[in-house]
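**Student:** Chain order of the listed sequences is A and B. Residue 137 in the working numbering sits at position 137 of the first sequence, with consecutive numbering throughout. Just so we're on the same page, the working numbering is the position in the second sequence counted from 1, plus 465. From the three backbone atoms N, C-alpha and C, an ideal C-beta is built for every residue, glycine too.
There are 2 protein chains.
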Amino acid sequence: MSERKMVHKITHVTVRDVRFPTSLEQHGSDAMHTDPDYSTAYVVVHTDSGLQGFGFTFTLGKGTEIVVCAVRALAGLVVGKSLQEIVSDFRGFYRLLSSDGQMRWLGPEKGVIHLATAAVLNAVWDLWARAEGKPLWKLLVDMDPKQIVSCVDFRYITDALTEEEALDILVKAQEEDQMLKEGYPAYTTSCAWIGYSDEQLKQLCTDALKSGWTKFKVKVGADLEDDTRRCRLIRQMIGPDKTLMIDANQRWDVSEAIGWVSSLAEFKPLWIEEPTCPDDILGHAAISKVRGKFGFPADSCVEDLFFHFIVVILHPFVVMLLPVCPHAGGVGLCELVQHLILFDYICVSGSLSNRMCEYVDHLHEHFTSPVVIHDAHYMPPKDPGYSCEMLESSVKKHQYPEGDVWKWACVKFEINHGEHGDKKACLHLTHLYFERLDVVDVDVSVSQSVNEVARLTELKKKKVR
Amino acid sequence: MSERKMVHKITHVTVRDVRFPTSLEQHGSDAMHTDPDYSTAYVVVHTDSGLQGFGFTFTLGKGTEIVVCAVRALAGLVVGKSLQEIVSDFRGFYRLLSSDGQMRWLGPEKGVIHLATAAVLNAVWDLWARAEGKPLWKLLVDMDPKQIVSCVDFRYITDALTEEEALDILVKAQEEDQMLKEGYPAYTTSCAWIGYSDEQLKQLCTDALKSGWTKFKVKVGADLEDDTRRCRLIRQMIGPDKTLMIDANQRWDVSEAIGWVSSLAEFKPLWIEEPTCPDDILGHAAISKVRGKFGFPADSCVEDLFFHFIVVILHPFVVMLLPVCPHAGGVGLCELVQHLILFDYICVSGSLSNRMCEYVDHLHEHFTSPVVIHDAHYMPPKDPGYSCEMLESSVKKHQYPEGDVWKWACVKFEINHGEHGDKKACLHLTHLYFERLDVVDVDVSVSQSVNEVARLTELKKKKVR
């Protein structure tokens with residue numbers, strides 16, 4: 001029995017569409033994604049030993065069902081395998097998922113299939129770390145470098161990095177002590193989403209400064225006048241010595257980016273993130289040249305190209321080539337990325353020079369082991385796994401479309417508007433109704449009429465029956 | 466009534482998963498896709514006037530249901546719009562599909578979402594051409610250049626090509642007469658799929674030479690010895706003056722590609738297609754350098770980067786930058802691409818120099834207006850539309866998993882093997898059973914036993930009841 005437990009044969013894979021109505025309050029809004037409902041395709045890998053692995057991939061709401069569908073298609077490749085079998089040839093397992101002769105046409109390292117593959121792989125890494133009773137970063141730090149290298153598929157990258165070169169780089173670069181004591185430096189994106197008012201921005205910035213934050217990212221790109229005002233405001237708030245970054249989320253053409261960035265240069269941003277199409281390497285080079293003139297580093301955009309490698313799939317060797325400041329935020333990306341930055345510091349770079357990790361202060365309350373930030377630093381997680389597990393109550397409530405948050409949104413939506421109403425106002429009300437039940441009776445201004453609240457209350461009672 | 470007809474309001478969009486069991490006979494097999502079942506997500510756009518638009522996107526079997534799911538997600542953006550409304554701002558319509566604030570996270574021009582968007586756009590172009598009573602190429606050729614330009618989204622490409630520059634290039638380059646008389650030159654990929662035997666290759670090559678083919682593409686990349694033998698064989702068959710191309714379908718690392726290509730240089734291929742990861746621009750440049758030494762053109766790989774633009778989404782201006790030899794094949798890609806090469810010749814390039822279009826001789830019989838090849842040339846299609854419509858009987862029979870071809874495959878599969886049997890053999894039998902009913906009784910060698918055929922026959926009778 002105990003030996004059987006060690007094998008952890010995967011019996012089935014479940015996947016759920018979980019969405020948080022963040023668009024209601026413009027959390028996460030930027031120049032390209034004005035109304036995101038932060039969401040996940042949430043995967044649980046079940047084994048015959050009872051041990052479970054949790055994983056997810058981050059989405060913006062609509063279309064999450066497509067990723068769910070893709071996870072189901074991949075699940076067939078996973079069920080029946082044991083954890084033991086997988087970890088004894090992780091590279092082969094990665095290839096199995098990413099190189100299926102029929103399915104690779106749809107990806108394999110692009111868009112929906114990429115996201116679905118990541119969700120499954122994250123769940124398997126979580127399972128592995130739990131089986132070993134360690135947080136993922138510690139599993140990696142304690143692992144024989146040869147085994148780490150054996151997990152990585154080097155197809156297409158051997159001209160940049162061979163297996164042997166990777167092995168040479170992969171040494172114990174630092175002890176863990178400093179991380180355990182001080183944590184890994186972070187910057188915050190929570191203060192300046194594009195949909196926030198100036199008042200909100202000021203308040204959040206004041207709070208952040210009090211909590212010890214020294215590096216701030218501002219979303220820009222939709223309107224230059226607006227961006228200028230907001231960058232000026234935040235630079236005034238934080239003073240000349242603290243760090244400001246700007247992020248256009250792919251909004252611009254190359255020439256547009258050059259003009260815009262020149263205009264915002266007076267606010268001394270450290271970098272301009274995703275100025276144009278992330279695939280346009282020559283375009284990034286052209287923008288970098290101009291940025292060079294204004295004194296911001298010319299290579300900072302390159303960071304974005306590694307986003308998917310770092311955050312979504314554990315492909316750690318890419319971090320060896322350049323200092324990387326990983327993205328995070330969304331739902332649970334901070335929970336994931338903290339393991340990778342620790343691994344980078346302890347086993348690869350051994351340096352904090354030019355390194356920091358994004359932090360966004362949303363939705364952590366839905367996780368069983370939420371990220372811990374202390375004095376603007378990520379503190380190393382201690383629970384076994386990849387910090388991917390969500391509270392079952394949160395998953396149930398936010399499951400789309402049958403969870404309470406969304407079911408009631410739909411009921412309300414239909415009552416008010418048939419098929420063509422103001423979905424956002426309706427969601428807003430529903431959100432208030434469920435999240436802050438006590439304020440609904442007073443805050444009727446958000447609804448069209450008191451009657452509607454009364455009707456909704458009745459319907460809810462009926463439902464609870 | 467007649468005025469209402471002109472508007473063509475879209476009432477609903479249907480999408481079906483249609484798969485052809487091509488893996489049975491190794492049609493379409495290459496170094497990365499060893500067992501493809503050529504498939505489509507097949508879209509019909511229905512309007513209140515009764516006019517329908519047909520479109521599809523090409524897939525390799527497994528996972529087509531994910532694209533179907535994505536088309537359903539996009540359909541919500543299309544239903545309720547009229548054709549008139551769409552064509553009066555086609556650029557806006559493209560942006561609507563590709564820049565949805567929540568869904569673009571999953572793409573927007575990548576993988577599943579890209580494929581789904583293409584299927585919907587193809588159906589709308591088909592609808593437009595049918596409404597005008599013209600084949601698509603003729604609709605484009607007759608269109609005011611300003612209107613053509615207004616259909617294209619220039620986001621991210623203005624540093625390479627502005628709207629004004631596009632307009633300057635877009636002139637009547639040639640009359641239609643030559644195309645109508647002689648057609649557009651093609652090359653064939655039908656002779657040398659990687660899974661074909663040498664005998665089969667010889668026979669197909671002999672037949673192709675008799676039919677006037679002068680340019681041949683060979684799939685390579687899995688095994689160098691094998692490739693050498695097959696390239697030698699085909700070069701012997703076609704002689705030194707005819708054209709040979711090789712295609713590795715992304716199989717190699719950069720250094721592997723350089724070695725392999727050097728070895729196959731003696732057979733004087735015109736180009737090496739997809740030698741490595743299509744995103745690796747520097748890798749392609751490195752491979753091109755070596756190829757230069759052996760005398761094949763250094764820019765031929767670049768062709769692949771445009772594949773999706775040309776074949777899947779009508780983004781015609783990219784063809785202005787370099788001569789393009791578009792891919793085709795699969796299911797219906799030849800039907801689509803013939804419209805684009807005609808448009809290129811008549812309105813853009815006016816030249817056949819270094820230009821030819823791929824042709825593959827499979828599955829055309831399932832289309833209502835199949836492609837016409839005469840003396841190794843594509844002859845201009847005359848029926849209204851984008852040649853996307855499939856025979857309803859073919860769609861029904863091949864719909865997955867409920868179509869006869871697949872339903873019977875499943876029945877047979879379960880009878881023989883429970884969940885773990887030889888799916889391919891089973892499909893083979895089913896295929897024979899339905900496609901060539903008369904030979905089944907004699908060709909029992911493909912089944913495990915006569916009894917099984919008898920049982921299947923009984924089951925079929927029951928089904929027909």
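Indicate whether G704/B and Q491/B have their beta-carbon atoms separated by less than 7 Å.
**Tutor:** no
**Student:** Taking the C-alpha atoms as reference points, what is the distance between M646/B and D89/A?
**Tutor:** According to the sequence shown, residue 646/B is Lys rather than Met. Cα-Cα distance, rounded: 59 Å.
**Student:** Of all the options V18/A, L60/A, W125/A and W213/A, which has the alpha carbon lying nearest to the alpha carbon of D466/A?
**Tutor:** No answer is possible for residue 466/A: the residues shown for chain A start at 1 and end at 465.
**Student:** Between which two residues does the beta strand (DSSP E) harbouring Y661/B extend?
**Tutor:** No beta strand (DSSP E) holds Y661/B; DSSP gives it neither H nor E.
**Student:** Take the Cβ of V312/A as the centre, count every other Cβ of all protein chains shown within 10 Å, and call the residue buried at 16 or more, exposed below.
**Tutor:** In this prediction, V312/A has a pLDDT of 32, which is less than 50 and means its spatial position is unreliable; what the coordinates show is noted afterwards. Burial call: buried.
**Student:** Tell me whether the beta-carbon of S82/A lies closer than 7 Å to the beta-carbon of K9/A.
**Tutor:** yes
**Student:** Check the C-beta distance from G183/A over to M379/A and give it rounded, since I have them as a contact under 8 Å.
**Tutor:** 4 Å
**Student:** Below 8 Å, can you find three or more Cβ-Cβ pairs linking the stretch 202-211 of chain A to the stretch 183-192 of chain A?
**Tutor:** yes
**Student:** I272/A to H804/B, Cα distance in whole Å?
**Tutor:** Rounded to whole angstroms, I272/A to H804/B spans 42 Å at the Cα level.
**Student:** Would you tell me roughly how many angstroms separate the C-alpha atoms of Y187/A and I346/A, rounded to the nearest one?
**Tutor:** 20 Å
**Student:** How is Y38/A classed by DSSP in three states: helix, strand or coil?
**Tutor:** coil
**Student:** Mark K470/B as exposed unless 16 or more other C-beta atoms lie within 10 angstroms of its C-beta, in which case mark it buried.
**Tutor:** Here the model assigns K470/B a pLDDT of 48, short of 50, so the residue's position is not dependable and the matter cannot be decided.
**Student:** Determine the extent of the alpha helix (DSSP H) in which C696/B is found, giving its start and end residues.
**Tutor:** L689 to I703
**Student:** Out of curiosity, what's the CA-to-CA distance linking E800/B and A173/A?
**Tutor:** 58 Å
**Student:** If we ignore side chains and look at the alpha-carbon of each, how far apart do S255/A and S197/A end up?
**Tutor:** 29 Å
**Student:** From what residue to what residue does the alpha helix (DSSP H) around E335/A run?
**Tutor:** Start and end: L333 to F343.
**Student:** Are W602/B and Y851/B touching if we call contact CB-CB under 7 Å?
**Tutor:** Not closer than 7 Å, so no.
**Student:** Let me make sure I understand the geometry here. Which of V79/A, G403/A and V112/A has the alpha-carbon closest to that of L96/A?
**Tutor:** V79/A
**Student:** In this structure, how does DSSP classify F619/B when only helix, strand and coil are distinguished?
**Tutor:** coil
**Student:** Report the partner residues of D17/A according to the DSSP bridge assignment.
**Tutor:** A41/A
**Student:** Counting only Cβ pairs nearer than 9 Å, list the residues of chain A close to R695/B.
**Tutor:** In chain order: nothing, as chain A lies at least about 20 Å away.
**Student:** Under DSSP, the beta strand (DSSP E) around W271/A begins and ends at which residues?
**Tutor:** Start and end: P269 to E273.
**Student:** Since I believe N249/A is in contact with M32/A (beta carbons under 8 Å), could you give me their beta-carbon distance rounded to a whole number of angstroms?
**Tutor:** Between N249/A and M32/A the Cβ distance is about 4 Å, and since that is below 8 Å, they are a contact.
**Student:** What would DSSP say about T11/A, mapped onto helix, strand or coil?
**Tutor:** strand
**Student:** According to DSSP, simplified to helix, strand and coil, what is M785/B?
**Tutor:** Here M785/B scores only 44 on pLDDT, less than 50, and its place in the model should not be relied on; the value that follows carries that caveat. It is helical.
**Student:** Give a yes or no on whether the minimum CB-CB distance between I473/A and chain B is below 7 Å.
**Tutor:** Residue 473/A lies beyond the stretch modelled for chain A, which goes from 1 to 465, so this question has no answer here.
**Student:** Quick one: complete beta strand (DSSP E) runs, 3+ long, within the stretch 51-131 of chain A?
**Tutor:** You should have 52-59.
**Student:** Below 7 Å on C-beta distance, what does C534/B contact in chain A?
**Tutor:** The answer, in chain order, is E65, I66 and C69.
**Student:** With a threshold of 7 Å between beta carbons, is K527/B in contact with chain A?
**Tutor:** True, the Cβ-Cβ gap to chain A drops below 7 Å.
**Student:** If F58/A sits next to V371/A, beta carbons under 8 Å apart, how far is it from one beta carbon to the other, in whole angstroms?
**Tutor:** Rounded, the Cβ-Cβ distance is 14 Å, inconsistent with contact.
**Student:** Three Cβ pairs or more, each shorter than 8 Å: is that satisfied between the stretch 526-540 of chain B and the stretch 498-514 of chain B?
**Tutor:** yes
**Student:** Within 7 Å (strictly less), CB to CB, does H398/A reach chain B?
**Tutor:** no
**Student:** Can you tell me whether D17/A is buried or exposed? The criterion is at least 16 other CB atoms within 10 Å of its CB, across all chains shown.
**Tutor:** buried
**Student:** From V348/A, S351/A, Y359/A and L391/A, pick the residue whose C-alpha is nearest to that of S369/A; which is it?
**Tutor:** L391/A
**Student:** Are the C-beta atoms of C277/A and some chain B residue less than 7 Å apart?
**Tutor:** For C277/A, the answer is yes, since a Cβ of chain B falls inside 7 Å of its Cβ.
**Student:** Within a Cβ cutoff of 7 Å, which residues of the same chain sit near V395/A, ignoring the five residues on either side of it in sequence?
**Tutor:** For V395/A, where only same-chain residues beyond five positions count, the Cβ hits under 7 Å are R16, V18 and Y42.
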